[in-house]
Amino acid sequence: AELTSLVERSAGLDGAAAWAEPGSPAARAVVLRRLLAMRRRLPDVFGAHGGYRPLLASASLLAFARLDRRGLPRLITVVARAEAPIEGSEIDVELALPSGEWRHVLLDDEPPAQGSLDGGASLSRFPAVVLVT
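Just so you know, the sequence shown maps onto residues 20 to 152 in the numbering used here.
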């Protein structure tokens, strides 16, 4: 019953709202729900013909792109190499993005990114960034 309630509640939350809850119980459910929805929406990216490419990032970030069957980036994942969000960090956390308009999957109120992503700002709200084009 508790797990069912958590999964149901996660439908109305984004990553930042779930992360702000004491103990962040719904954060994992939000990530799973939204990434499984992306997997259903982008079968060519996650299927046998999809690909994977690491992205050049600063030492404080780990980033990679999932590619469609044509080799074009469609989904980007970014995480900090530290355990906690890096709000106010002086480390360079700017990430160059492939061309296109990239929408946030886990944060509902973040504007789309083009050209680059301020990883520090996004990761200060949730410890992972997932972008889709």
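Note that the Cβ used here is the ideal one computed from N, Cα and C, for glycine as well.
query: So which of 70, 85, 25 and 91 has the shortest CA-CA distance to residue 118?
result: 91
query: Hey, how far is the Cα of residue 45 from the Cα of residue 89?
result: 35 angstroms
- prompt: Nearest to residue 55 by CA position, among 30, 142 and 77, is which residue?
  reply: 30
- prompt: For residue 83, does the three-state DSSP call read helix, strand or coil?
  reply: strand
field: Contacting residues, own chain, Cβ-Cβ under 6 angstroms from residue 103 (five flanking each side not counted)
entry: Any reading at residue 103 must be qualified, since the residue scores a pLDDT of 47, below 50, and its modelled position is unreliable; no value is offered.
task: Name, in chain order, the residues that DSSP records as bridge partners for residue 137.
output: 113
Same chain, Cβ closer than 7 angstroms to residue 53, neighbours up to 5 away in sequence not counted: 124 and 125
query: Taking residue 34 as the reference, which of 151, 152 and 142 has the closest Cα?
result: 142
- prompt: How far does the alpha helix (DSSP H) with residue 147 in it reach, from first residue to last?
  reply: Run containing residue 147: none in the alpha helix (DSSP H); it sits in the beta strand (DSSP E), 147-151.
- prompt: If residue 36 sits next to residue 43, beta carbons under 8 angstroms apart, how far is it from one beta carbon to the other, in whole angstroms?
  reply: With 8 angstroms as the limit, residue 36 and residue 43 do not qualify as a contact, their Cβ atoms being about 10 angstroms apart.
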